[in-house]
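**Student:** I'd like to ask you about the structure that follows.
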Ligand SMILES: C[S@@+](CC[C@H](N)C(=O)[O-])C[C@H]1O[C@@H](n2cnc3c(N)ncnc32)[C@H](O)[C@@H]1O
């Protein structure tokens, strides 16, 4: 199996941005071929209302979505810490998805029946999900889309916040982070302006304070720059 064959099979539907990068090595290409068909949400599942109880082999009281997991180290740690939760992870970048699936496959202690993935725009999953089915949505270090004319591509924006509010349970949380100061301002300004969200009590008005339950990923640990400028944002869904 060559990397071109692996990536040619998966075509973008609605994602803005790069989908492929370095050639996949054998272990990542194999993980993609064996685990993706097993774990990936299908177009059929997304074509009508997606009930959370139908997403996993058994239903879970607690369900988590991570949007744009990159190479998946945070999502993998979520899986380790939450073996009894349902976990959906979305990443359109094939190299990132393949890295996550390889690491998941190599951890034989981890159950896989509570994990589903999707390799395209996360909003296709969010828009399909039924109301009030998620406890947490993580959007860590989203792409900043620096140019003003591209701001509408940012994942945290009013129309998507309506959808995040719809799928979160009352008392659920939207968790985000960034090391780009003006993106942090954008996220807080738009999320606080939304009637369904409030800064969470433990993190409110101090975005430099790292919550003690936070799982660091490459972004937070890559060096002094990222670490010292990281903004941590936790919002409660209040309605
Ligand atoms: C800057 S990276 C951060 C990756 C990871 N969350 C981290 O903190 O290391 C942003 C990620 O979001 C993904 N992404 C961008 N737009 C997305 C979308 N609409 N749906 C799902 N993922 C998206 C990108 O492919 C990329 O992997």
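Numbering (this note's numbering), first residue to last: 136 to 374. Heads up, the beta-carbon is just placed ideally off N, CA and C, and yes, glycines get one too.
1) Assuming residue 333 is part of the beta strand (DSSP E), what are its boundary residues?
2) Helix, strand or coil, according to DSSP, for residue 305 in the structure here?
3) If you follow the alpha helix (DSSP H) that residue 371 is in, where does it begin and where does it stop?
4) Roughly how many angstroms separate the alpha carbons of residue 250 and residue 231, rounded to a whole number?
5) State the beta-bridge partners of residue 317 as determined by DSSP.
6) Which of the three DSSP states, helix, strand or coil, is assigned to residue 203?
7) Which of the three DSSP states is assigned to residue 188 in this structure?
8) Taking all protein chains shown into account, decide if residue 368 is buried (16 or more other Cβ within 10 angstroms of its Cβ) or exposed.
9) Just curious, the beta strand (DSSP E) that residue 270 is in, first and last residue?
10) Can you list, in chain order, the residues of its chain whose CB lies under 8 Å from that of residue 142, leaving out five sequence neighbours each side?
11) Can you find the residues in the same chain that come closer than 6 Å, C-beta to C-beta, to residue 373, ignoring five residues on each side of it along the sequence?
12) If you reduce the DSSP assignment to three classes, tell me which class residue 311 lands in.
13) In the DSSP output, which residue or residues are listed as bridge partners for residue 221?
14) Along the chain, where does the alpha helix (DSSP H) that runs through residue 237 open and close?
15) To the nearest angstrom, how far is the alpha carbon of residue 223 from that of residue 252?
16) Near residue 319, which residues of its chain fall below 8 Å by C-beta distance, leaving aside the five closest residues on each side in sequence?
17) At a threshold of 7 Å, does residue 258 count as lining ligand 1 (C-beta to nearest heavy atom)?
18) Looking at ligand 1, does it come within less than 7 Å of residue 375, judged from the CB to the closest heavy atom?
19) Taking the alpha-carbon positions, what's the residue 309 to residue 213 distance?
20) Which residue from 322, 307, 340 puts its Cα closest to that of residue 198?
21) Would you identify the three-state DSSP class for residue 284, choosing helix, strand or coil?
**Tutor:** Reading it off the structure:
1) From DSSP, the beta strand (DSSP E) with residue 333 extends over 332 to 334.
2) Reduced to three states, the DSSP call for residue 305 is strand.
3) Premise fails: residue 371 lies in the beta strand (DSSP E), 366 to 372, not in any alpha helix (DSSP H).
4) Going from the Cα of residue 250 to the Cα of residue 231 covers about 16 Å.
5) According to DSSP, which records beta bridges pairwise, residue 317 is partnered with nothing at all.
6) Judged by DSSP in its simplified three-state form, residue 203 adopts coil rather than helix or strand.
7) Assignment of residue 188 by DSSP, reduced to helix, strand and coil, places it in the helix class.
8) By the beta-carbon neighbour count (other beta carbons within 10 angstroms, threshold 16), residue 368 is buried.
9) Membership of residue 270 in the beta strand (DSSP E) is indicated by the continuous run 269 to 275.
10) The predicted position of residue 142 is uncertain, since its pLDDT is 44 and thus under 50; a value taken from the coordinates is nonetheless stated next. For residue 142, where only same-chain residues beyond five positions count, the Cβ hits under 8 Å are 154, 155, 159, 229.
11) In its chain, beyond the 5 residues on either side, 333 have a beta carbon closer than 6 Å to the beta carbon of residue 373.
12) Residue 311: strand per DSSP, three-state reduction.
13) Answer by DSSP bridge pairing, in chain order: 198.
14) Segment 229 to 241, the alpha helix (DSSP H) holding residue 237.
15) Those two C-alpha atoms are separated by around 5 Å.
16) Cβ within range, chain order: 313, 342, 366, 368.
17) Result yes, Cβ under 7 Å from ligand 1.
18) With the chain represented from 136 up to 374, any question about residue 375 goes unanswered, as that position is not in the structure.
19) One C-alpha to the other measures close to 15 Å.
20) The shortest Cα separation from residue 198 among 322, 307, 340 belongs to 307.
21) In the three-state DSSP reduction, residue 284 falls in the helix class (H, G or I).
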